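So the sequence shown is residues 662 to 1317, counted in our numbering.
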Amino acid sequence: MQVYTTPKLNKVKVTSDFWKRYRELVVKEVLPYQWKVMNDEADISISEDPQNNGQDKNSHAIANLKIAAGQMKGHHYGFPFQDTDVYKWLEAAAYSFGYHPNPDLKKITDNLIDLIADAQEDDGYLSTYFQIDAPERKFKRLQQSHELYTMGHYIEAGVAYHHETGNEKALDIAKRMADCIDKNFGLEEGKIHGYDGHPEIELALSRLYEETGEKRYLDLAHYFLNQRGQDPAFFEKQIKADGDSPDRDLIPGMRDFPREYYLAAEPIKDQKVPHGHAVRVVYLCTGMAYVARYTGDKDLLAACDRFWNDIVKRQMYITGNIGQTTTGEAFTYDYDLPNDTDYGETCASVGMSFFARQMLNIHAKGEYGDVLEKELFNGALSGMALDGKHFFYVNPLEADPKASKGNPGKSHVLTHRADWFGCACCPANLARLIASVDEYLYTVNGDTILSHQFISNEAEFDEGLKIVQTNHFPWSGDIHYEIENPNDKSFKLGIRIPSWSANFDLEVNGVSTTLPVNDGFIYVDVDAKSVTIDLKLDMDVKVMRASNRVSDDFDKVAIQRGPIVYAAEQTDNQAPLSLYEVTPDDKTDYHFDEKLLDGVGVVKVAAKRQKIDDENAPLYVDANKPVETESANLTMVPYYAWANRENGQMRVWLNK
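Next up, the structure:
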């Protein structure tokens, strides 16, 4: 009987040209730029940002911490959660040290840790808005205050910083925050029997548990998840006690959303489908998956499965973006997927990546790797320009500068990336995802190593075990593995077969091999000192359609090659783009252009284009009147790279 071992993953080095460019961009451009912005030293304009909510002057995020620490005089500026911009930036910087040591940046981050420690109160509390301007209102208006959300983001940063640098002060701040929360929340008499309006603390406490082994942090995360919705009127009771007048609101309009928006209308175990703010949903789901895995809570796990299935199978765009409406940045209803008013917040795609990663830790299912890949190469990545200094908050699948300017219902759709946002949650969130992408490539489940992302890397495990993956993905589907196993350990390597590649060829040690696909994975038994595996994926251009339940995409098609979803832009094609017609039988051509958009695969589609009506023609005519068409080549580029050139129209779904 063969005895399998449990390999322990120690380090992953990303060697992919595609991702090395982005990870170096984070170090060289993104982090320095964002640091200047948060210190109010960058020349930026955020007045065009529809998400500024009046916060359109500067960031003031570092100044808020200095005021709380007694190093400056002044009032708090920005949203109650303004501190989180700093914490997510710090987390991204921490990850960057793992692949790009930077002594100058390390001095900045060490000093920032000192500043945060000085701003933290003796009892562990830290949320600068309340410390500076409303100390008497701490934990009094949790629907809107984002206090636990804010501290949760620091806890995540502190865990990452300690893990990457060994800085004990960073971890101590996080533990003191968690201890403060533990003293104030729980079912015991004298404690608050509630939770934050914006989930985040649940996943943060789970990460703190992983770093420290302190079970009470996991128990506290479990409490928050179980308590949510137990008293559906909890937020309203707090508002009444804190002062019912709207001028007491911390964020105008937040009280107007229903309980479902905050996932607080009923206990999680009773919630059939996710409702409300998309980022809240996926942060909550990530916390649920963490806690379900560590505690075995079957109710939470069942909720994870329900929420996942509804999001992915009924409310997700082909790019991976989620959250259909600007009203509350929220989910709407099943199969409602409008393209030109889509919200698709960058943070929601980042959060969906978190959720997918945690689900892979629970179930070895390829669909989780498929969605993670979809986010990494499409939905999340589109949130940042190629220069690392301009960002999307909203990620539409159809855009027109005239519509964004002329139709108030589409004003949230920018057709060029902004310098910054009044609500600047997205830029640093994407930076921390890119900087930590090495942690998203492998999942170890017992005696099985799952390789679910095709990002070239060198992975080191215990006892000399090493897996090297090389490829030119996402432009080529030829995936090569070299496994060094000097101690002849026996384990299984699970390799994801993407849903977009129904056909594939496999060779093990140079011999053509056929293996069954089990829940999206093939499994290779490894017990020799060295093994080579060659996987050839189907990279043909696919013409995709949506379910006919999606009325917005009825009689439309989209173009995908490998994991990359493509978009047509006005800069490459004669406008209006709505006049192009593409059928599944139309000829497609693919080539790689190393000079375009920092190197991208380009798809050309043989299409038809209607000739535009004369502007003096009648607005409505008999449908039997023939429409003149002409042949045209439609040029398409990866969706993530749109809006890096001239301002103009864009669309993913094309008329058929």
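For glycine and all other residues, C-beta sits at the position ideal for the given N, C-alpha and C.
Please read all numbers here as calculations on a predicted model, not as lab measurements.
Check each candidate in the options and name the one with the smallest Cα separation from residue i.
i: Lys-930; options: Lys-1256, Ala-964, Ile-912; result: Ala-964
i: Ile-774; options: Phe-800, Tyr-822, Asp-746; result: Tyr-822
i: Arg-920; options: Asp-903, Leu-911, Lys-898; result: Lys-898
i: Met-838; options: Tyr-951, Val-1178, Ile-1220, Tyr-810; result: Tyr-810
i: Glu-871; options: Pro-860, Lys-836, Asn-1209; result: Lys-836
i: His-1113; options: Ser-1160, Ala-1079, Glu-1145; result: Ser-1160
i: Glu-1230; options: Asp-1213, Ala-1060, Tyr-1184; result: Ala-1060
i: Asp-958; options: Asp-771, Gly-984, Ala-882; result: Ala-882
i: Ile-1156; options: Phe-1134, Lys-1026, Leu-1126; result: Lys-1026
i: Ala-1189; options: Met-915, Leu-1126, Thr-1249; result: Leu-1126
i: Lys-852; options: Val-1098, Pro-1224, Gln-888, His-761; result: Gln-888
i: Phe-679; options: Ile-1095, Ser-1173, Tyr-1142; result: Ile-1095
i: Leu-848; options: Glu-825, Tyr-884, Tyr-748, Tyr-878; result: Tyr-884
i: Met-1297; options: Asp-1283, Tyr-1251, Asn-1316; result: Tyr-1251
i: Leu-1295; options: Tyr-994, Met-1311, Thr-988; result: Met-1311
i: Asn-671; options: Val-1261, Glu-1119, Leu-924, Gln-1271; result: Glu-1119
i: Lys-718; options: Asp-1186, Phe-1134, Gly-1083; result: Gly-1083
i: Glu-1291; options: His-1141, Arg-1270, Ala-1046; result: Arg-1270
Who pairs with residue i in a beta bridge, going by DSSP?
i: Val-1192; result: Ile-1144
i: Val-1226; result: Gln-1221
i: Lys-1269; result: Glu-1242, Ser-1292
i: Thr-987; result: Note: Thr-987 sits in no beta bridge, so no partner.
i: Tyr-1103; result: Ser-1112
i: Glu-1059; result: Arg-1312
i: Thr-1249; result: Val-1266
i: Phe-1052; result: Met-1045, Ala-1079
i: Asn-1179; result: Phe-1182
Compute the Euclidean distance between the alpha carbons of residue i and residue j, then round it to the nearest angstrom.
i: Gly-1171; j: Gln-781; result: 59 Å
i: Val-664; j: Ile-1110; result: The predicted model places Val-664 with a pLDDT of 49, which falls under 50 and marks its position as unreliable, so this point remains unresolved.
i: Trp-1303; j: Gln-976; result: 23 Å
i: Pro-1062; j: His-1073; result: 11 Å
i: Asn-1132; j: Asp-843; result: 47 Å
i: Lys-1071; j: Gly-855; result: 37 Å
i: Gly-819; j: Asp-1139; result: 39 Å
i: Val-1169; j: Leu-1198; result: 15 Å
i: Arg-1206; j: Met-1020; result: 27 Å
i: Gln-1069; j: Asn-828; result: It is worth fixing the name first, because residue 1069 is Pro in this sequence and not Gln. In a straight line, the C-alpha of Pro-1069 is about 49 Å away from that of Asn-828.
i: Met-662; j: Val-1129; result: Residue confidence is low: Met-662 scores 42 on pLDDT, short of 50, so the model does not pin down where it sits. No coordinate-derived value is stated.
i: Ile-979; j: Ala-1236; result: 23 Å
i: Lys-669; j: Glu-1100; result: 13 Å
i: Asn-772; j: Asp-765; result: 11 Å
i: Leu-866; j: Phe-1182; result: 31 Å
i: Pro-693; j: Asp-1048; result: 12 Å
i: Glu-1194; j: Ser-1173; result: This sequence places Ile at residue 1194; Glu is not what is there. Whole-angstrom Cα-Cα distance: 10 Å.
i: Ile-707; j: Glu-1006; result: 17 Å
i: Asp-966; j: Glu-1143; result: 35 Å
i: Leu-1075; j: Val-1055; result: 7 Å
i: Ala-1284; j: Lys-1272; result: 15 Å
i: Val-673; j: Asp-794; result: 44 Å
i: Ala-724; j: Asn-700; result: 7 Å
Over what stretch of residues does the beta strand (DSSP E) that includes residue i continue unbroken?
i: Thr-1131; result: 1127-1131
i: Arg-1157; result: 1152-1157
i: Leu-670; result: 670-675
i: Ile-1183; result: 1182-1187
i: Lys-1203; result: 1202-1205
i: Glu-1168; result: 1165-1169
Examine chain B for any beta-carbon lying closer than 8 Å to the beta-carbon of residue i, and answer yes or no.
i: Phe-800; result: In summary, chain B is missing from the structure at hand, where a single protein chain is found.
What is the residue span of the alpha helix (DSSP H) that residue i lies within?
i: Glu-1307; result: Element bounds for Glu-1307: n/a, residue is neither H nor E.
i: Ser-1112; result: Premise fails: Ser-1112 lies in the beta strand (DSSP E), 1109-1112, not in any alpha helix (DSSP H).
i: Asn-1118; result: Per DSSP, Asn-1118 belongs to no alpha helix (DSSP H); it is in the beta strand (DSSP E), 1118-1122.
i: Val-1032; result: 1027-1035
i: Phe-896; result: 895-903
i: Cys-1008; result: 1007-1023
i: Met-699; result: 692-699
i: Glu-685; result: 678-686
i: Cys-1087; result: 1086-1096
i: Ile-774; result: 764-780
Let me check you understand the geometry: is the CB of residue i closer than 7 Å to at least one non-hydrogen atom of the ligand SAM?
i: Val-973; result: This structure lacks the ligand SAM, and indeed carries no ligand of any kind.
> At what residue ranges does the region 714-755 contain a whole run of the alpha helix (DSSP H), taking only runs of 4 or more?
Replying inline: Counting whole runs of 4 or more residues, the region 714-755 contains the alpha helix (DSSP H) stretches 722-729.
> At what residue ranges does the region 914-984 contain a whole run of the alpha helix (DSSP H), taking only runs of 4 or more?
Replying inline: 939-956, 959-975, all fully within the region 914-984.
> Whole beta strand (DSSP E) runs in the region 795-876 with 3 or more residues, listed along the chain?
Replying inline: Taking only runs of at least 3 residues, no beta strand (DSSP E) segment lies wholly in the region 795-876.
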